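Participant: Structure in C-alpha cells, see below.
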Amino acid sequence: MNKKIEIAKKRAFFLRNVRDFFLRNNYLEVETPILSPFLLPEPAIEAFQTEYSDGYGDKSFFYLIPSPEIWMKRLVAQGFSNIFQITKCFRNGETQGVLHNPEFTMCEWYSMDADYMDSVRFTEEFFNYLLRNSEFEIPIDIRPPFLRISMKEAFWEYLHVDLDALLPDPRSHQLCEELDISITDSSTEEEVFNKLFLTYVEPQLPKNKPVVLYDYPVCMPVPAKKDPSGLYYERWELYIAGIEIANCYTEEIDRENIETFIHNESERKKNAFVVPAVDKEFTAIFTSSYPPCSGVALGIDRLFMIITGINSIEGVILFPFSCILHR
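This note's numbering applies: residue 27 is where the sequence shown begins, and numbers increase by one.
Have a look at this one:
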C-alpha cells in the first residue's frame, strides 16, 4: 500500500477514536470560528493576519486562531457543559522542523467543576481508551499512570536549585552567573526562567514514560488560577519521549484577574510582528455564574507522530507547509 495512504487511514482511525472517547464521556463536540476579529494576547505566539472585504469597499482585519480558547470559553459562559473540538490552529514566526508546522490540528476540551489534577486523571483515561482501541502497534510506552513531577521537584532534581528561592525574579539569582546565562537590561523574568528551564531542565525529563510537569511559576503568565502560595499556576504540560504534547490549566475565572492578565500581556504584545485586536468585552463573560473548569489543549499531529513512530510532524500531515512553500 502507498505509504501516504496508509498514514491517512491510520490517522482517520485515530481521530475516530479521539471523538469516540469524548462522546462516550458525554462531551459535546462543538465548532468555533477559525477566523477571528480578535485574539487573546500571547506574547510568545505570533499570529497570522488576513483582510476581509465585504464587497462594498469596507475592509477589516481578521486573524487565524492559534487556539479556539477565546470562543470555547464563550460557550462555557452561555451554559454549555463539558465540550470538546478538533480544529485547525495557526502559529506564525516559528521555525519549521520536526515538531512545528504553521498549520496544525488541536484537540481542546473543557471540563466543568474540575481542576488541573482532575484533568490529569481524565487525560489518563483518554490514553487508556486509545491504547485499548488501537489497530496498530504503538512503539513507545504511553500507558498511564503518568509520572507526575512538579516544576519545583524538577529544578531540584536536575539543577539542584530551590525554585522557591529562585522566584519570583530569577534574574537576580547567582545561579544565572554560575551558569553563564546572558542577561541584559531588557531581559524579562520569563525569558531568564525559560533559558534555565529549556537548557537545563526540560532535556532531562524522563523519556521512558509520559510525564506531567505541573505547577508553573507565575513569571510565565497564563490565564490560570494561582495556587495558595501565589508563586505557581495550577498548570501542567504533558511530555512524551521529551516532546510537549498537551497544556492544561485550572482556568482563571475571576474577572479582575483576567482583566489584569489581558492588560499586561497586551502591553508586552506591542512589539509583535502582528498585534491582534483584543476584544474589550471578553472579560464580561466571567460573571458569578461562570463555572469552575479546567481546559486542556492537545496537539493531535504530535501525538499521532509519536504513536506511529514517525520521527517528524511532516510525516503525519498530507500536505506539510514545506511542500506548499516550495511548490
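Beta carbons are placed, not taken as given, at the ideal position from N, Cα and C, and that holds for glycine. None of these values were measured; they are calculated from a predicted model.
Report the CB separation of Met-98 from Glu-134 in whole angstroms; it is logged as a contact under 8 Å.
Facilitator: 6 Å
Participant: Grab me the residues of Pro-67's own chain with a C-beta within less than 8 Å of its C-beta, minus the 5 sequence neighbours each way, in chain order.
Facilitator: Ile-288, Glu-291, Ser-292, Arg-294, Lys-295, Pro-302, Val-304
Participant: I'd like to know whether the C-beta atoms of Ile-332 and His-126 end up nearer to each other than 8 Å.
Facilitator: Against a cut-off of 8 Å, the Cβ pair of His-126 and Ile-332 comes out as no contact.
Participant: Please classify Cys-349 as buried or exposed, where buried requires at least 16 other C-beta atoms within 10 Å of its C-beta.
Facilitator: exposed
Participant: Would you identify the three-state DSSP class for Cys-274, choosing helix, strand or coil?
Facilitator: Of the three classes helix, strand and coil, the one that applies to Cys-274 here is strand, per DSSP.
Participant: Which runs of the beta strand (DSSP E) spanning at least 3 residues fall entirely within the region 47-117, listed in chain order?
Facilitator: The qualifying runs are 74-79, 85-90, 109-116.
Participant: By the three-class DSSP mapping on this structure, what secondary structure does Pro-243 have?
Facilitator: strand
Participant: With burial defined as no fewer than 16 other Cβ atoms inside 10 Å of the residue's Cβ, what is the status of Ala-180: buried or exposed?
Facilitator: buried
Participant: Starting from Glu-203, follow the beta strand (DSSP E) in both directions and report where the run begins and ends.
Facilitator: No beta strand (DSSP E) contains Glu-203, which is instead part of the alpha helix (DSSP H) from 200-204.
Participant: For Lys-252, does the three-state DSSP call read helix, strand or coil?
Facilitator: In the structure shown, Lys-252 sits in a strand (DSSP, three-state: E or B).
Participant: Let me check one thing: in DSSP terms, what residues is Met-138 bridge-paired to?
Facilitator: Residue pairing for Met-138: DSSP places it in a beta bridge opposite Cys-319.
Participant: Measure the alpha-carbon distance for Met-246 versus Glu-216 and round it to whole angstroms.
Facilitator: 5 Å
Participant: Per DSSP, what kind of secondary structure is Arg-174 in: helix, strand or coil?
Facilitator: Strand at Arg-174.
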